[in-house]
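Data first, discussion second: the structure below is written as structure tokens.
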Amino acid sequence: GENVEQHPSTLSVQEGDSAVIKCTYSDSASNYFPWYKQELGKRPQLIIDIRSNVGEKKDQRIAVTLNKTAKHFSLHITETQPEDSAVYFCAASRGDYKLSFGAGTTVTVRA
Amino acid sequence: SAVISQKPSRDICQRGTSLTIQCQVDSQVTMMFWYRQQPGQSLTLIATANQGSEATYESGFVIDKFPISRPNLTFSTLTVSNMSPEDSSIYLCSVAGGNTEAFFGQGTRLTVV
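First to last, the sequence lines map onto chains V and U.
Take any residue in the first sequence, note its place counting from 1, add 88, and you have its number in this note's numbering.
Take any residue in the second sequence, note its place counting from 1, add 1, and you have its number in this note's numbering.
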């Protein structure tokens with residue numbers, strides 16, 4: 089089955105700086121890569137996703153890049169704010185929405 | 002996007018008992034899934050809830066422990082059977098398909114004592 093590795097496990101950044109989270113996947117048939125943000129005690133919320141026919145996608149301060157050859161994808165958050173503090177999960181799927189998740193990254197934005 | 006209602010939101014149960022969790026969606030969706038999130042951990046797919054037929058379970062999960070129903074395109078239940086403290090987790094339903102990406106219900110926080 090699919091194996092998704094996510095790094096780093098924790099990330100502390102100064103407010104206004106950028107944060108980058110990286111994931112690798114093992115199944116070359118995976119073609120859908122969502123990112124979720126989970127605040128304490130809440131459900132995971134989809135913040136951005138990318139499909140394999142696209143190399144990069146941006147939504148305001150959030151961007152995701154995909155390198156299919158290397159089987160890795162990354163989340164970039166620019167101009168971080170305290171409300172960006174949360175646990176972020178990457179995931180991969182073959183397009184059937186059966187998601188394999190990374191272990192998660194706890195992001196702390198220092199004011 | 003679809004609105005997902007999951008209940009109960011939390012429960013404390015005695016070991017050896019069973020709990021049924023319900024997931025209701027406000028529109029017809031193709032795919033419904035159940036995930037488990039153990040304390041401080043990531044999410045793991047338990048099974049795909051198939052409308053009108055038996056669920057498809059992932060490795061490590063079996064029907065006797067986690068029976069699932071999906072009588073129509075908007076509703077599914079997950080039962081956690083013969084519970085032990087190791088079953089203490091958050092259980093989440095997820096829906097996807099058509100114009101709906103993979104969204105999650107608010108989860109059921111289960112504590113087994």
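In this text, a Cβ means the ideal position worked out from N, Cα and C, and glycines have one as well.
What are the residues of the segment 128-157 of chain V that lie near chain U, defined by any Cβ-Cβ distance shorter than 9 Å? Flagged, chain order: Gly129, Lys130, Arg131, Pro132, Gln133, Leu134, Asp137.
Should lysine 130 (chain V) be labelled buried (16 or more other beta-carbon atoms within 10 Å of its own) or exposed? The residue given as residue 130 (chain V) occupies position 42 in the first sequence. Burial call: exposed.
Roughly how far, in whole angstroms, is the beta-carbon of glycine 106 (chain U) from the beta-carbon of valine 30 (chain U), given that I think they are within contact range, below 8 Å? Within the second sequence, numbered from 1, the residue matching residue 106 (chain U) stands at position 105. Within the second sequence, numbered from 1, the residue matching residue 30 (chain U) stands at position 29. Not really, about 12 Å apart at Cβ, beyond 8 Å.
Does any residue of chain U bring its CB to less than 7 Å from the CB of lysine 186 (chain V)? The residue labelled residue 186 (chain V) in the question sits at position 98 within the first sequence. A Cβ of chain U is located within less than 7 Å of the beta carbon of lysine 186 (chain V).
Range covered by the beta strand (DSSP E) that runs through glutamine 23 (chain U): For the purposes of this step, residue 23 (chain U) is identified with residue 22 of the second sequence, where counting begins at 1. Boundaries of the beta strand (DSSP E) around glutamine 23 (chain U): 20-26.
How far does the beta strand (DSSP E) with valine 113 (chain U) in it extend, from its first residue to its last? Indexing the second sequence from 1 puts residue 113 (chain U) at position 112. From DSSP, the beta strand (DSSP E) with valine 113 (chain U) extends over 109-113.
May I ask which residues mark the beginning and end of the beta strand (DSSP E) holding glycine 137 (chain V)? Numbered from 1 along the first sequence, position 49 holds the residue referred to as residue 137 (chain V). Note that residue 137 (chain V) corresponds to aspartate in the displayed sequence, not to glycine. Membership of aspartate 137 (chain V) in the beta strand (DSSP E) is indicated by the continuous run 133-139.
For alanine 151 (chain V), the nearest candidate out of V:Gln102, V:Ser106, V:Pro96 (CA to CA): For the purposes of this step, residue 151 (chain V) is taken as the residue at position 63 of the first sequence. Minimum Cα-Cα distance from alanine 151 (chain V) among the listed residues V:Gln102, V:Ser106, V:Pro96 corresponds to V:Ser106.
Counting pairs of beta carbons, one from the segment 12-31 of chain U and one from the segment 59-78 of chain U, are three or more of them closer than 8 Å? Touching, per the Cβ criterion.
Terminal residues of the continuous beta strand (DSSP E) containing glutamate 103 (chain V)? Residue numbering aside, residue 103 (chain V) sits at position 15 when the first sequence is read from its first letter. Unbroken run through glutamate 103 (chain V): none, as it is neither H nor E.
State yes or no: is the C-beta of lysine 159 (chain V) within less than 7 Å of the C-beta of tyrosine 120 (chain V)? The count along the first sequence starts at 1 and reaches residue 159 (chain V) at position 71. The count along the first sequence starts at 1 and reaches residue 120 (chain V) at position 32. Not in contact: lysine 159 (chain V) and tyrosine 120 (chain V) (Cβ atoms no closer than 7 Å).
Using C-beta distances below 8 Å, list every residue in its chain close to threonine 75 (chain U), excluding the 5 sequence neighbours before and after it, in chain order. Here residue 75 (chain U) corresponds to residue number 74 of the second sequence, with the count starting at 1. Short of 8 Å from the beta carbon of threonine 75 (chain U), and not among the five residues preceding or following it, lie these beta carbons of its own chain, in chain order: Gln25, Val26, Asp27, Ser28, Gln29, Val30.
In chain order, each beta strand (DSSP E) run of at least 3 residues that lies wholly inside the segment 26-52 of chain U: Scanning the segment 26-52 of chain U from its first residue to its last, the whole beta strand (DSSP E) runs of 3-plus residues come out as 32-38, 44-50.
For threonine 50 (chain U) and tryptophan 35 (chain U), I'd like the C-alpha separation in whole angstroms. As a working note, residue 50 (chain U) is residue 49 in the second sequence. As a working note, residue 35 (chain U) is residue 34 in the second sequence. A small fix is needed here, since residue 50 (chain U) is alanine in this sequence, not threonine. Rounded to whole angstroms, the gap between the alpha carbons of alanine 50 (chain U) and tryptophan 35 (chain U) is 7 Å.
Cβ of glutamate 59 (chain U) within 7 Å of Cβ of leucine 46 (chain U)? Numbered from 1 along the second sequence, position 58 holds the residue referred to as residue 59 (chain U). Numbered from 1 along the second sequence, position 45 holds the residue referred to as residue 46 (chain U). Yes, they are a contact pair.
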